[in-house]
Amino acid sequence: MPAIAALILAQGVTGDSFAAEAPEELGKQLFTGAASPPCAVCHTLSDAAAEGAIGPNLDELKPDLERVKKVVRGGMGAMPPYDTLSDEEVDALGIYVSTVTTK
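Letter 6 of the sequence shown, counting from 1, is numbered 5 in numbering that gives the first Met the number 0, and no numbers are missing.
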């Protein structure tokens, strides 16, 4: 274990870098409340305890990463585009949704 810690320190990895390595957590935060409006208002997703009834049930749809990113960026149907989210946030949402719906 000390060798791993030394390797991490040698590579200059900080606490902030670990946040970049855990996009699922950021994605969940955005899905449940940080995005405006939160995805959970409209979508059902069991991992997020979301029971929205306006948009598709994501547990059933099981969208892949690219589909989530495309729809978040461009909108679809009644869903507006989330043009205020950064690329990192869009990636995190895509990773989160596509990962938890395939578990």
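Cβ atoms here follow ideal geometry from the backbone N, Cα and C, with glycine treated the same way.
Please read all numbers here as calculations on a predicted model, not as lab measurements.
Quick check on the burial criterion: 16 or more other C-beta atoms within 10 angstroms. Buried or exposed for T171? Outside the displayed span of the chain (0 to 102) sits residue 171, for which this structure offers no information.
Does the distance from the CB of C38 to the CB of I53 come in under 8 Å? At a Cβ-Cβ threshold of 8 Å, C38 and I53 do not count as neighbours.
For my contact list, E23 and T83 are in at a C-beta cut-off of 8 Å; report their separation, rounded to the angstrom. About 21 Å; that fails the 8 Å criterion.
Counting only the same chain and skipping the five closest in sequence on each side, list residues whose C-beta sits under 7 Å from that of S85. If we look at S85 and ignore the five residues flanking it on each side, it has no Cβ neighbours.
In the DSSP output, what is E50 paired with across the bridge? Paired residues: T43.
Here's a check: name, in chain order, each residue in its chain whose Cβ is nearer than 6 Å to the Cβ of S35, leaving out the five neighbours to either side. Cβ contact annotation for S35 (same chain, cutoff 6 Å, sequence separation greater than five): none.
Nearest to A49 (by Cα), restricted to the options F30, L60 and D63: It is F30 whose Cα lies nearest to the Cα of A49.
In the DSSP assignment, find the alpha helix (DSSP H) that holds E95 and state where it starts and stops. A quick correction: the sequence has Tyr, not Glu, at residue 95. It spans D86 to V99 - the alpha helix (DSSP H) in which Y95 sits, taken as one unbroken run.
Could you pull out every residue in the same chain whose Cβ sits closer than 6 Å to the Cβ of D46, ignoring the five residues on either side in sequence? Here the set comprises V99.
Would you call the CB atoms of D90 and K69 closer than 8 Å? Cβ atoms of D90 and K69: not closer than 8 Å.
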